[in-house]
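Peer 1:
Put into structure tokens, the structure is as follows:
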């Protein structure tokens, strides 16, 4: 990404550990002027934003949250490559003051890269509440870079960090960075390597000492750079191998580990000078909450209770708003029904207003669902949930980490599948991707609300919850099956940081939620709108019925062998909420009376409705999800596999529900 | 010398060895867990799995890995 550097434009990159408050600072800096996309070639979220401060145009890039800058994860590679090749004017390193020692490990690596760094010392309020006394000036002196204390969650210190970053960007002083001394033996090897590196074109890439260190860390990406250039590069790698052998003989451990120890050694010394802690630390509120939440017996019930509460809350709060929206669309649809010519009236009231109305009515649900999910995520509970679920997940051959994408799947399968990137083990990751579409996403909610409302009025909350349980259960069973049959082998170990619990920042939560709702609305405005209009058109010319009739015999054993049901399912592949929109168009009624119309016209019993809900949940995921599966797995074969296995599973489940249910009732 | 999975909550222990592949070892080190370090076992509510205070952060380890880390109690 080339930037034209004029005096009045500056590029900033935000780097920091996960949970250090990067997102809060990014929101404080850029407000609503954000663009969320993907890093080229990969699906790690790329956030950039812009602002104008004192007449200067500032571009801010939010790098992925990382603990280190090795080549072990895609996030780390992206963060590092951005710093190396896009050369931001200043890297703002956001550091958690209440967890300084570990956070400074990344700072050390940034300083070793000799880029302009400004340290944003975040969460000063938490540090203060624990009676930590941090000598900010001394920290700044020892690191050789500006250190600005702030509380990003409360938007305190944003102006200060901005001014410090601008001052740093405009200063001409040579960046000193830090050259950590790794001891005589290692330093000799580093010098040898540097000498060899400067004779090769790879040295143009970055400073040679850093490249030498990366070679000693056996960094795959850097090694590849040397392999690429042929003989000269091979010579460098030969020296590296000799150095590594020598160093591991001298130190008795791998050079990579030795380098890490040296960095922590330096930080440990620095901590003595700048941090005063109370002699006995009181047990934090976070730890006390964890004693309960992570408890062997209570952990899983608490997690289940939280999920249940989340859906009850979402449902009960949104239903009055949904009624209100429905009556509005209903009135609108009546007023357009008589418009002539007749086809136009039908298009407006049955197609556009009927179809879109049923979809728009679910904005409150989507909004509340995302609001609750993001509160859980920000509060720090998600990582506890992953830990609590790890043992169970391990038993089915997956990793506790897989549980986070699965829970995100309650919102939307697309970001959920992307979140599976945090799983290191490729087999675990693939299995997680394959089963994530079984988690009941927000777009299935309209189908549940419609049918549960019409057929299970007194128990609708419970019936909807049962769909979520069904989704989770199938995901777990299938994961176990895939792991036993297709992908045999060890799953990776559970290692995860549990960030301190915190109150989610209101503004950040709403920004995030609004982004999701906007994505849903823009989908409603494009794909769903087009699909609904296309559906109306096919219905109007009478083409839907033959399609439905052709397919419907397949679903007869599940109780919903009517052509309308089959047609709705076919179009539901464009987006699951379209199932509802399609019913609306076919019956020409709006959401308010749609459930009753289905009951009357199709002669469904509650059992059939339940089987149909299960079918809608499980069968072939929407095209957006399939596209994500294709992108993430890079494989048409696995995408095709998802299409067929979910359909087969859905059919079997729906038929089983209907047949077994019929037996029980009679 | 005991595996970390057997360490009691509230105890201070010293990490003696981590028997893992170099990738996992490196990742643990990036998150602050290195050999020779004193850590506090904050919780061990679930059999075998532990929550540690590692350089001020809370690190949760599953049973598989905590079995492979050898520690000794620090008085």
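Residue numbers (our numbering), protein chains in the order written: chain P, 5 to 670; chain Z, 94 to 168.
Note that the Cβ used here is the ideal one computed from N, Cα and C, for glycine as well.
Bear in mind the structure is a predicted one, so any value in this text is a computation, not a measurement.
1) Just curious, the beta strand (DSSP E) that residue 108 of chain Z is in, first and last residue?
2) Does DSSP put residue 124 of chain Z in a helix, in a strand, or in coil?
3) Exposed or buried, residue 80 of chain P, counting other C-beta atoms within 10 Å across all chains shown (16 or more means buried)?
4) Mind listing the chain Z neighbours of residue 255 of chain P? Cutoff is C-beta to C-beta under 9 Å, in chain order.
5) Residue 182 of chain P and residue 221 of chain P look like a contact to me (Cβ under 8 Å); what is the Cβ gap, rounded to whole Å?
6) In terms of alpha-carbon separation, which member of Z:103, Z:94 and Z:96 lies closest to residue 285 of chain P?
7) Any beta carbon of chain Z sitting closer than 8 Å to that of residue 498 of chain P?
8) Kindly examine the ligand NAP and report whether one of its heavy atoms sits closer than 7 Å to the Cβ of residue 262 of chain P.
9) Less than 8 Å separating the beta-carbons of residue 500 of chain P and residue 153 of chain Z?
10) Identify every run of the alpha helix (DSSP H) within the segment 517–594 of chain P, keeping only runs that are complete inside it and at least 4 residues long; order them along the chain.
11) Between which residues of its own chain and residue 644 of chain P is the CB-CB distance below 6 Å, once the five residues before and five after are set aside?
12) Extract the residue ranges of the alpha helix (DSSP H) inside the segment 71–103 of chain P, only unbroken runs of 4 or more that lie entirely within it.
13) Measuring straight from C-alpha to C-alpha, what distance separates residue 268 of chain P and residue 109 of chain P?
14) Going straight from the alpha carbon of residue 205 of chain P to that of residue 234 of chain P, what length do you get?
15) With three or more beta-carbon pairs closer than 8 Å as the criterion, would you say the segment 104–124 of chain Z touches the segment 630–649 of chain P?
16) With distance defined between alpha-carbon atoms, name the residue in Z:149, Z:130 and Z:105 nearest to residue 266 of chain P.
17) Just the Cα atoms here: how many angstroms apart are residue 654 of chain P and residue 388 of chain P?
18) Relative to the C-alpha of residue 450 of chain P, which candidate in P:587, P:515, P:399 and P:535 has its C-alpha closest?
19) What distance in whole Å lies between the Cβ atoms of residue 65 of chain P and residue 18 of chain P, which are believed to be in contact at a cut-off of 8 Å?
20) Along the chain, which unbroken stretches of the alpha helix (DSSP H) at least 4 residues long are found entirely within the segment 399–430 of chain P?
21) Which of helix, strand or coil does DSSP assign to residue 64 of chain P?
22) With 8 Å as the threshold, decide whether the Cβ of residue 278 of chain P is near any Cβ in chain Z.
23) Is residue 516 of chain P buried or exposed, if buried means 16 or more other CB atoms sit within 10 Å of its CB?
24) Less than 8 Å separating the beta-carbons of residue 396 of chain P and residue 618 of chain P?
25) Any idea which residues DSSP pairs residue 56 of chain P with across the strands?
26) Could you give the residue range of the beta strand (DSSP E) that holds residue 467 of chain P?
27) Could you tell me which uninterrupted beta strand (DSSP E) segments, each at least 3 residues in length, are contained entirely in the segment 333–370 of chain P, listed from first to last along the chain?
28) So, is residue 100 of chain Z buried or exposed, given that buried needs 16 or more other C-beta atoms within 10 angstroms?
29) For a contact meaning CB atoms closer than 8 Å, what does residue 158 of chain Z contact in chain P?
30) If distances are taken between C-alpha atoms only, which option among P:231, P:195 and P:95 comes closest to residue 179 of chain P?
31) Along the segment 108–119 of chain Z, what residues have a CB closer than 7 Å to any CB found in chain P?
32) For residue 62 of chain P versus residue 14 of chain P, is the C-beta distance shorter than 8 Å?
33) Name the chain P residues whose beta carbon is nearer than 8 Å to that of residue 134 of chain Z?
34) Note down, in chain order, each residue of its chain lying with its Cβ closer than 7 Å to the Cβ of residue 140 of chain P, except the 5 sequence neighbours on either side.
35) Under 9 Å Cβ-Cβ, which residues of chain P neighbour residue 144 of chain Z?
36) Could you check whether the Cβ of residue 97 of chain Z sits closer than 8 Å to any Cβ belonging to chain P?
Peer 2: Let me spell this out:
1) 105–111
2) coil
3) buried
4) Per Cβ cutoff of 9 Å: no residues; residue 255 of chain P is ~12 Å from chain Z at best.
5) Not quite, the Cβ-Cβ distance comes to about 17 Å (not below 8 Å), so this is no contact.
6) Z:103
7) yes
8) This structure lacks the ligand NAP; in fact it carries no ligand of any kind.
9) yes
10) 533–544, 548–555, 567–576 and 582–591
11) none
12) 78–85
13) 7 Å
14) 11 Å
15) no
16) Z:130
17) 31 Å
18) P:587
19) 7 Å
20) 407–412 and 417–423
21) strand
22) no
23) buried
24) no
25) P:61
26) No beta strand (DSSP E) contains residue 467 of chain P, which is instead part of the alpha helix (DSSP H) from 464–489.
27) none
28) buried
29) 497, 498 and 499
30) P:95
31) 115, 116, 117, 118 and 119
32) yes
33) Result: empty, since nearest Cβ-Cβ is about 12 Å, beyond 8 Å.
34) 125, 151 and 153
35) 291, 294, 298, 391 and 502
36) no
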